[in-house]
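Below is one structure, written out as structure tokens; the observations come after it.
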Amino acid sequence: MTTAASFSLVRMVGRYSAFSRGMQFGESYQQRPVAAELPDNDLAMLKAQLAPVMAGLDRDRAAHVTHADNFLIYCALPGAALLGLVLGWGISGDIRLGLFLAALGALGALLFLFGKAAEAPRAATRNEITDALALHLMGFRVDPDPVIGREEIDALKLFSRVRKVTVDMCLTGQRDGRIVIVSRIGLTFGSDRNYKEAQGKGLTYVMVEVAVPETAQSDKKTTIMAKDASKIIKGSQKLAHRQKAIPTGDADFDARYTVFGDVSRITPALRAGFTRLEAEARCDVTGLSEVSAGMGLRPWMVIVPGKLVVLTPLSMFDGAFEPPPYWKPLDPDVLIPAFASDLAILNGYINAALSLPLGDIT
């Protein structure tokens, strides 16, 4: 039986709700403004290519709404209400308490299951559209199951007490003969015993990883930290290795960055390359909003065996790669330019990292 044609609980709740995806990424369905326009030829080609993809996604999304409605109306809500009634009336003998717990149980089930139901079609939509666009525009593919967790972040020895790593988007590919991974990641901090996710307790970054050859000095780790970090970032910094900061001798660079490890890698050409990295910085000092490109918090860099990692602070709530709610149809005239613009920004981070004299760091 289908409820979507006459009444949809999912649509009704969605109309009055804006469920958060976590404090790093803010409220769902808020797209970024288009910052980079697609050429007309590319737009026409991509619209033709993605028309059947979006039509299929719309069918899947409509079926998901129907399934979610039926499950909520005929299974989850009555079950939760009955459980609340049994607990309240059956145990205490108070019908008013039973009715209250029944209503509370139904509401709790509705909110919990609505949030769960919303994420699956959202992820499928954004991954399929982004994958097609990234392949055409960049030669990259979406990694739907990236392996970026606490262990990988802890290995950089930049942050303390990382509790959770959220990967918002991850693209992989090759450029200039090198394997490159670019990710939008969120980090939350705190111990498992005393943890409450809240605004200001997380950080977000665009992380670009570039493969470099391993040589005799590859076991040496070099870290470059920006001095203009936000209060949130400074509170999470980890220098457990107790290394002493080493000046490069470049007064302008040393005023902006702190270097730990093998300072011989920080050649004049590499230091000059940070200007290109800084040109992509868009996160303001609070870590919560975006500023014009080149005006934001500076990037950090870590050189570890086999790869160079550049982390540029990302403003929370920036809305990149955000499809509409799954009960609304997909509009290629809106989504394709928006997603292509988001990809162009990520491509800028990749190009900046690859513009560095990578031979100097091996």
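Quick note: the sequence shown uses the working numbering, first residue 3, plus one each step. We put the CB at the ideal spot given by N, CA and C, even for glycine.
Check: Local Cβ density within 10 Å of P315, reported as buried at 16 or more and exposed below that; Outcome: buried
Check: L290 to V265 span [Cα, whole Å]; Outcome: 32 Å
Check: is_contact[R186, chain D] using C-beta, thresh 8 Å; Outcome: Here there is only one protein chain, and chain D is not present.
Check: Given 8 Å, three or more beta-carbon pairs between the stretch 67-75 and the stretch 151-158; Outcome: no
Check: Length of the line joining the Cα atoms of P215 and G179; Outcome: 11 Å
Check: Closest by C-alpha distance to G308, when choosing among G275, E211, D254; Outcome: E211
Check: DSSP state of F73 mapped onto helix, strand, coil; Outcome: helix
Check: Cα-Cα separation, T250 to I305; Outcome: 16 Å
Check: Rounded straight-line distance, which links the Cα of M171 to that of P41; Outcome: 24 Å
Check: Local conformation of Q32 per DSSP, three classes; Outcome: coil
Check: Neighbourhood of G175 by C-beta distance below 7 Å, restricted to the same chain and skipping five residues each side; Outcome: M140, G141, F142, R143, V182
Check: Helix, strand or coil at K159 [DSSP, three-state]; Outcome: coil
Check: Short Cβ contact (8 Å threshold) for I226 with W302; Outcome: yes
Check: K350 versus K229 - alpha carbon distance; Outcome: Residue 350 is actually Gly in this sequence, not Lys. In a straight line, the C-alpha of G350 is about 23 Å away from that of K229.
Check: 7 Å Cβ shell around G263 - same chain, five flanking residues per side excluded; Outcome: K222, K223, T224, T225, Q245
Check: Three-state secondary structure assigned by DSSP to P315; Outcome: strand
Check: Local conformation of T127 per DSSP, three classes; Outcome: helix
Check: Contact the stretch 293-301 vs the stretch 319-326: 3+ CB pairs below 8 Å; Outcome: no
Check: Every unbroken alpha helix (DSSP H) within the stretch 275-361, with a cutoff of 4 residues, ordered by chain; Outcome: 334-356
Check: Proximity of L45 and H138 at Cβ, strictly below 8 Å; Outcome: no
Check: Cα-Cα separation between F27 and S317, rounded to whole angstroms; Outcome: 9 Å
Check: Alpha-carbon spacing of R177 relative to I347, whole angstroms; Outcome: 16 Å
Check: C-beta atoms of F276 and L135 nearer than 8 Å; Outcome: no
Check: CA-to-CA distance, P80 to V208, given in whole angstroms; Outcome: 44 Å
Check: Exposure label - S10; buried when at least 16 CB within 10 Å; Outcome: buried
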